[in-house]
Amino acid sequence: MTSPFLMIMRKELKDSLQSKWLITFGVTFFFLALGVPYIILGAGGLLPGDYPGMVVGTLVTLAVPLVPLVSLAMSSTSIAGEREVGTMEYLLAQPATKFEVFFGKYLGLVTALTLAMFLGYGGAELIVYSTNPEFVMSFIYALAYSLLLAGASVGLGFIVSVSVKTRAAAIGTGLFLWFVLVVIYDSGFLGVITVALDADSLLIPLTLANPVETTRILALMHMSESPLRGELGPQAAYLLQEYGSITASRILSGVLILWVVVPVAISYLIFRKQDATI
Amino acid sequence: MSTNIIIDAVNITKQYGDFKALDGLSLQVERGGVWALLGPNGAGKTTFLKCLLGLKEFSGEIKIDGYDIHKDPKKAKFQIGYVPQHPSLYREMSVQESLRYFGDMRDVKRSRLRELLEFVGLELWARQPVGALSGGMQQRLMLAVALLSDPPVLLLDEPTANLDVNRQVEFRNLISLLVKEGKTVVLTTHLLGDVDHIAEKIMLLNKGKLVVKSSVSDLFKQLDLTSQMFVEISDNANEQDAISALEKAGANDIQVKGNWFEMRIDPSKKISAINNLREKGCTINDFKIEEPNLEDAFKKITSGEEN
Chain W
0 MTSPFLMIMR KELKDSLQSK WLITFGVTFF FLALGVPYII LGAGGLLPGD YPGMVVGTLV
60 TLAVPLVPLV SLAMSSTSIA GEREVGTMEY LLAQPATKFE VFFGKYLGLV TALTLAMFLG
120 YGGAELIVYS TNPEFVMSFI YALAYSLLLA GASVGLGFIV SVSVKTRAAA IGTGLFLWFV
180 LVVIYDSGFL GVITVALDAD SLLIPLTLAN PVETTRILAL MHMSESPLRG ELGPQAAYLL
240 QEYGSITASR ILSGVLILWV VVPVAISYLI FRKQDATI
Chain D
0 MSTNIIIDAV NITKQYGDFK ALDGLSLQVE RGGVWALLGP NGAGKTTFLK CLLGLKEFSG
60 EIKIDGYDIH KDPKKAKFQI GYVPQHPSLY REMSVQESLR YFGDMRDVKR SRLRELLEFV
120 GLELWARQPV GALSGGMQQR LMLAVALLSD PPVLLLDEPT ANLDVNRQVE FRNLISLLVK
180 EGKTVVLTTH LLGDVDHIAE KIMLLNKGKL VVKSSVSDLF KQLDLTSQMF VEISDNANEQ
240 DAISALEKAG ANDIQVKGNW FEMRIDPSKK ISAINNLREK GCTINDFKIE EPNLEDAFKK
300 ITSGEEN
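This is the structure we're talking about:
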């Protein structure tokens with residue numbers, strides 16, 4: 000017997016790869032990260048020597064808003080959408096446990112996002128490797144942290160998905176969450192709070208309370224040679240000053256892993272206790 | 000597992016806030032035949048059906064063919080084929096893909112898929128997406144999916160509610176064939192016609208509790224439901240003689256409208272009434288009988304519950 004877990008995961012992967020969100024994300028990410036600047040600068044003979052470093056920095060700058068956007072949009076509708084049309088109830092009426100259904104969908108979606116990111120980052124890595132191999136490790140870190148961010152965002156999206164009744168409410172809530180995590184945090188929110196309260200020590204908890212910020216700082220901290228490293232911002236500067244780069248990196252990595260594990264665990268616990276339709 | 004009880008539900012309670020949809024419900028379903036789960040809106044029929052499938056969280060214990068839906072949900076659900084009220088298959092999948100997808104979950108051989116496509120008459124639509132099928136075809140496809148692993152129990156939630164008259168007849172015929180194969184079919188319905196046509200046994204729920212579990216004929220006896228009989232006798236018959244003949248046979252509420260005598264009578268005493276009239280020399284020109292139906296039973300039980 001084919002495991003229901005594998006079947007559900009395979010279907011979620013297939014559906015996600017056909018989703019307009021993921022296709023748009025993959026193509027946009029690929030061209031923005033690499034294609035357009037590389038082609039224009041290359042054609043004009045203006046490709047600078049530190050271009051690979053710029054590419055890695057660009058990837059992180061792009062991944063930080065785009066990865067949670069596509070992850071939240073897709074994951075928030077994953078369970079709510081199926082509930083709305085009745086297919087979730089039907090699936091749960093089959094010989095499959097709630098664990099198999101939930102994690103089949105979760106891992107199918109994460110696998111689809113991973114493939115899309117490999118496509119986006121993959122083209123960039125080839126160019127980076129062919130022009131300046133010393134940037135490859137920075138690139139691998141950027142990819143790894145983006146994947147963790149995708150995992151965290153899918154977990155948050157699943158909390159939304161198990162908590163609302165309709166697809167429309169799910170996508171609305173998912174996008175609002177993205178707006179809070181990316182746009183509001185990025186628009187000087189941290190600076191305003193810390194300056195207003197005159198409390199630098201708030202910077203770290205407020206940074207760690209947002210997986211997007213945690214990922215951004217973590218990825219940029221690993222770009223020792225990137226010209227974009229200067230964009231670390233006050234949070235990273237404070238972290239580095241307080242803990243040094245190794246400890247700071249460990250703290251941020253640990254918190255990012257918690258951001259992957261905790262939301263998915265919470266959403267599963269909610270899902271397990273619920274009726275098939277809410 | 001081969002005891003005679005195929006569904007064993009003990010003390011099932013399902014609460015939504017302060018409202019008890021199921022209130023300590025206990026019932027056993029014996030193997031074989033069609034069981035209709037009846038009740039007014041909000042009685043708990045669909046909730047109970049979904050508890051049997053583990054789709055609702057509840058307190059109490061449900062065993063399907065010996066397997067506990069809480070402790071051994073996969074094995075318990077393996078014993079059940081489910082047809083929900085509304086088509087719930089993936090619309091973008093083809094008919095064939097749907098059968099294959101759900102068939103693989105139940106380890107079903109490919110030859111079984113072909114058999115079932117023929118059984119429900121969808122072999123010509125095998126490559127069509129589910130979304131392109133009519134409501135009746137989707138209902139038949141869901142029945143095929145429900146039968147994939149040849150489960151002993153079929154749960155049907157309002158199976159004919161969305162079908163036109165011809166499709167209802169087709170669907171009932173399919174169910175009759177399955178019952179002949181030994182399946183136990185439990186269906187919820189608000190169409191008492193369904194019950195009259197295909198169900199031999201009924202379970203009546205009201206306010207989350209089991210009120211009656213019986214065969215249809217036993218139910219009429221228990222409730223003392225009578226037939227309504229109309230007899231037209233010839234002009235020359237004596238009215239008082241006719242009334243006393245009918246009363247002797249046990250008829251009551253006798254009303255005379257011209258040559259027509261209208262009465263209520265125990266279904267087993269109809270022939271005695273006719274014979275008594277003849278003995279009194281009454282010539283019978285015509286007669287009509289309205290047998291008791293489930294609607295009467297339903298009203299009597301639920302009005303008794305209200306009081």
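Listed in order, the protein sequences are those of chains W and D.
Per numbering that gives the first Met the number 0: the first sequence = residues 0 to 277.
Per numbering that gives the first Met the number 0: the second sequence = residues 0 to 306.
We put the CB at the ideal spot given by N, CA and C, even for glycine.
Keep in mind the model is a prediction, meaning the values are calculated, not measured.
- Annotation: Cβ neighbours of Phe101/D in chain W (cutoff 8 Å, chain order): Gln93.
- When CB distances to chain W are screened at a threshold of 7 Å, not a single residue of the region 133–158 of chain D falls below it.
- Shown here, Val168/D sits in a helix according to DSSP, grouped into three states.
- Note that the region 97–117 of chain W touches the region 255–273 of chain W; at least 3 beta-carbon pairs, one per stretch, sit closer than 8 Å.
- Here the C-alpha atom of Val255/D lies approximately 58 Å from the C-alpha atom of Val84/W.
- Looking only at Pro204/W, Ser248/W, Tyr242/W, Gln240/W, the smallest Cα-Cα distance to Ile216/W is reached by Ser248/W.
- Here the alpha carbon of Lys179/D sits roughly 28 Å from the alpha carbon of Tyr100/D.
- Within 10 angstroms of the beta-carbon of Phe175/W lie fewer than 16 other beta-carbons, which makes it exposed.
- Straight through space, the alpha carbons of Ala92/W and Ser214/D are spaced by roughly 29 Å.
- Exposed is the label assigned to Phe18/D, since fewer than 16 other Cβ atoms lie within 10 Å of its Cβ.
- Membership of Val185/D in the beta strand (DSSP E) is indicated by the continuous run 183–187.
- In the DSSP assignment, Thr282/D falls outside any alpha helix (DSSP H) and carries neither an H nor an E.
- Here Phe29/W carries a helix assignment [DSSP, helix/strand/coil].
- Judged by beta-carbon spacing, Ile11/D lies beyond the 9 Å limit of Val152/D, meaning their Cβ atoms are not closer than that value.
- Cβ neighbours of Ala143/D within its own chain (closer than 8 Å, five residues either side excluded): Leu98, Leu115, Leu116, Phe118, Val119, Leu121.
- Residue-level contact by beta carbon holds for Gly85/W and chain D, with a gap shorter than 9 Å.
- Restricting attention to Glu60/D, Asp22/D, Gly65/D, Gln84/D, the CA atom closest to the CA of Gln78/D is found in Gly65/D.
- Per DSSP, the unbroken alpha helix (DSSP H) holding Gly154/W starts and ends at 135–162.
- Only Met6, Lys10 from the region 5–17 of chain W bring a Cβ to less than 8 Å from some Cβ of chain D.
- At a Cβ-Cβ threshold of 9 Å, Ser58/D and Lys13/D count as neighbours.
- Under the 9 Å criterion on CB atoms, Ser267/D is classed as non-interfacial with respect to chain W.
- Of the other Cβ atoms in all chains shown, fewer than 16 fall within 10 Å of the Cβ of Gln239/D; this residue is therefore exposed.
- Listed along the chain, the chain W residues whose CB falls inside 8 Å of the CB of Glu56/D are Lys272, Gln273, Asp274.
- Contact annotation: in the region 59–85 of chain D, residues whose CB is within less than 8 Å of a CB in chain W are Pro72, Lys73, Lys74, Lys76, Phe77, Ile79, Tyr81, Pro83, His85.
- The region 62–76 of chain D and the region 224–243 of chain D do not touch, with fewer than three beta-carbon pairs separated by less than 8 Å.
- The DSSP assignment places complete alpha helix (DSSP H) segments of no fewer than 4 residues inside the region 16–91 of chain D at 44–51, 72–77, in order along the chain.
- Here the C-alpha atom of Val94/D lies approximately 6 Å from the C-alpha atom of Val129/D.
- Secondary structure note for Leu154/D: its beta strand (DSSP E) is the uninterrupted segment 152–156.
- Relative to the Cα of Gly107/W, the nearest Cα in the group Met6/W, Leu257/W, Asp274/W belongs to Met6/W.
- A contact is defined here as three or more CB-CB pairs under 8 Å, and the region 16–29 of chain W meets this definition with respect to the region 111–123 of chain W.
- Non-local beta-carbon contacts of Asn205/D in its own chain, meaning distances under 8 Å to residues more than five positions away in sequence, involve Gly38, Pro39, Ala42, Ile300, Thr301, Glu304 in chain order.
- Under the three-state reduction of DSSP output, Asn275/D falls in the helix class.
- The shortest CA-to-CA distance from Leu276/D to any of Gln221/D, Glu246/D, Ser87/D, Leu147/D is the one to Glu246/D.
- Taking C-beta atoms as the reference points, Lys220/D and Lys212/D fail to come closer than 9 Å.
- Of the residues assessed, His189/D falls on the exposed side of the cut-off, its CB having fewer than 16 other CB atoms within 10 angstroms.
- Here Glu278/D has Ala244 as same chain residues with Cβ atoms under 8 Å from its own Cβ, once five neighbours each way along the sequence are excluded.
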